[in-house]
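74 is the number of the first residue of the first sequence in my numbering; add one for each residue after it. Idealized CB from N, CA, C, for every residue including glycine. Below is one structure, written out as structure tokens; comments come after it.
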Amino acid sequence: MLKFEIEKTSGLARVGEITTPNGKIKTPAFVGAATRGTVKALTFSEMRALGSQAILANTYHLFLTPGSKLIEEAGGLAKFSAWNAPTFTDSGGFQIFSLPDVKITEAGAKFKSYLNGDKFLMTPELSMQTQWEIGADIHMAFDQLAKSENRADMERAMNRTHRWLDRCLLEHENQKLLAKKNKKPEQFLYAVVQGGTFLNLRATSARYAAEKPVDGFGIGGVFTADGMDEMLKVVNQILPSEKPRHLLGMGQEPRDLFIGAEFGCDTFDCVGPTRLARNGALYTLDGRINIKNSKYKTDFSPVDSSCDCELCKNYSKSYLNHLFRTNEITGKVLASLHNERFVVRTVDKIRAALLSGDFESYKTDFLSRYYA
RNA sequence: GCUGGAAUCGUCUAGUGGCAAUGACAAGAGACUGUAAAUCUCUCGCCUUCGGGCUUCGUAGGUUCGAGUCCUACUUCCAGCA
């Protein structure tokens with residue numbers, strides 16, 4: 074069983090520490106999105122320097138290239154990428170939802186490779202096998218997101234997710250035995266809770282997952298902070314408190330992190346910070362700015378004077394504006410560094426505030442300023 | 001000096017009688033939440049009560065119902081020859 078120690082709780086919120094074979098994660102924590110085994114535009118030494126504790130890669134992408142067997146041969150994702158710290162893999166379930174031309178049956182999802190059009194069938198079993206080969210510390214169960222907000226669709230996807238979870242667990246147990254025999258480090262499985270915006274479906278899904286011998290939980294299918302507090306309240310009151318919970322894909326908006334932590338989520342991952350950065354949108358305590366705007370051409374102040382990242386300590390908005398206008402790679406690097414630092418630090422401060430009992434005031438101060 | 005060729009929105013460019021005029025870049029703005037995303041969308045002559053109105057394709061004339069497109073002259077640039 075995955076080791077998760079809770080240091081303090083406050084309502085549904087908790088401060089804790091997850092121990093993986095590749096190291097510890099102090100929670101709540103923001104996990105960097107490293108879909109292809111890299112956080113776009115950043116090196117892992119930069120990620121470490123900005124305080125990132127863990128990364129999340131994607132089974133689908135790594136399955137296609139370079140292939141999970143190769144990563145296994147290289148010694149697993151943490152070693153292959155030289156990240157050498159805790160790793161998660163997403164199951165590929167999200168790709169069923171987001172890619173065009175995916176056919177879903179009870180068996181699994183027929184994908185078409187975006188690289189060369191090759192067709193293959195991703196099943197719960199194959200996802201588990203692939204994740205074991207990739208060798209991340211924490212795996213996500215292969216799940217299905219509904220393609221509409223329609224209740225019937227949502228319920229169907231949820232039920233399929235549950236049936237697939239059982240298959241994932243069976244395969245995971247097989248892989249666990251195999252690993253033991255081969256003296257490979259243990260790897261852990263999170264079940265994924267679905268149910269969309271329907272609170273009773275969420276409750277059903279949480280109850281289903283709660284009874285399974287999994288190591289933790291992913292909460293999936295969330296796309297907006299609207300109603301997220303109510304949903305998390307329902308789900309996290311049902312999920313056993315002694316196991317960690319990961320809020321899948323949320324964190325582009327700082328409010329997501331506050332709501333997520335307050336209502337009992339321990340880790341977050343999101344592509345938003347780095348994608349926004351590459352596209353010129355930067356977080357500041359006073360809200361998001363678009364560094365490409367002409368008004369920054371002659372603004373020689375830092376992006377966020379309270380930020381301790383490399384960008385804000387050394388460079389001006391004017392310089393970053395110039396890098397973006399001239400499409401210099403370094404602009405995207407510095408912006409990514411800043412945004413990633415911003416979210417990591419925000420979650421770290423949430424952790425500190427929970428510990429000191431100042432969460433409410435920190436939250437109010439931050440959100441009222443950011444969304445003013 | 002002669003002989004060809006060319007001048008179109010900030011730049012390059014499409015356009016061979018129905019055109020406020022193509023495309024790219026630049027510029028201005030917006031979007032982005034388990035990443036087929038260093039991507040995508042919108043605006044980009046002036047004015048507008050959003051119906052439309054006005055002024056545009058080097059300059060000046062002309063032909064034509066209609067000219068960026070055809071003709072004449074001029075101006076500038078390019079190439080070749082002297």
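Inclusion of residue 389 and residue 415 in the CB contact set at 7 angstroms is not warranted, their separation being larger than that value. Residue 361 is bridged by DSSP to 356.
Taken through DSSP and simplified to helix, strand or coil, residue 399 comes out as coil. Between the stretch 139 to 148 and the stretch 159 to 166 there are fewer than three inter-stretch CB-CB distances shorter than 8 angstroms, so the stretches are not counted as touching. Inter-segment contact for the stretch 296 to 309 and the stretch 252 to 261 is absent: fewer than three beta-carbon pairs are separated by less than 8 angstroms. If you ignore the 5 residues before and after residue 279, its C-beta comes within less than 6 angstroms of the C-beta of 266, 308, 311 and 312, all in its own chain and listed in chain order. Inclusion of residue 85 and residue 432 in the CB contact set at 7 angstroms is not warranted, their separation being larger than that value.
For residue 308, the enclosing alpha helix (DSSP H) starts and ends at 301 to 311. Cβ neighbours of residue 285 within its own chain (closer than 7 angstroms, five residues either side excluded): 238, 242 and 264.
Of the residues assessed, residue 223 falls on the exposed side of the cut-off, its CB having fewer than 16 other CB atoms within 10 angstroms.
According to the DSSP secondary-structure assignment, residue 177 is paired through a beta bridge with 182.
Straight across, the Cα-Cα distance linking residue 98 with residue 151 is about 14 angstroms.
About 14 angstroms separates the CB atoms of residue 209 and residue 126; that is not less than 8 angstroms, and the two are not in contact. The beta carbons of residue 100 and residue 76 sit no closer together than 7 angstroms.
For the pair residue 319 and residue 262, the CB atoms are not nearer than the 7 angstroms cut-off.
Taking residue 343 as the centre and dropping the five residues before and after it, the same chain places the C-beta of 106, 322, 323, 324 and 325 closer than 7 angstroms to its C-beta, in chain order. Residues of the same chain with a CB within less than 6 angstroms of the CB of residue 339, apart from the 5 flanking positions on each side, are 100, 101, 317 and 318 in chain order. Distance from the CA atom of residue 156 to the CA atom of residue 246, rounded to whole angstroms, is 27 angstroms.
At a Cβ-Cβ threshold of 7 angstroms, residue 269 and residue 294 count as neighbours.
Secondary structure of residue 226 (DSSP, three-state): helix. Counted as a single uninterrupted DSSP element, the stretch harbouring residue 337 is not any beta strand (DSSP E), since DSSP gives it neither H nor E. Pairwise C-beta distances place the stretch 396 to 414 in contact with the stretch 114 to 131, as three or more of them are shorter than 8 angstroms. The Cβ-Cβ distance between residue 166 and residue 216 falls below 7 angstroms. Proximity to residue 196 across 180, 207 and 186 peaks at 180, based on C-alpha coordinates. Comparing alpha carbon positions, the residue from 408, 400, 396 and 391 closest to residue 384 is 408. If you check the CB distance, residue 206 and residue 141 come in under 7 angstroms. In terms of CA proximity to residue 273, 231 leads the group 231, 371 and 199. The beta carbons of residue 192 and residue 185 sit closer together than 7 angstroms. Rounded to the nearest whole angstrom, the C-alpha separation of residue 425 and residue 128 is 21 angstroms. Rounded to the nearest angstrom, the Cβ distance from residue 376 to residue 393 is 7 angstroms, consistent with a contact under 8 angstroms. The three-state reading of DSSP puts residue 380 in coil, since its state is none of H, G, I, E or B. Per DSSP, the unbroken beta strand (DSSP E) holding residue 163 starts and ends at 160 to 163.
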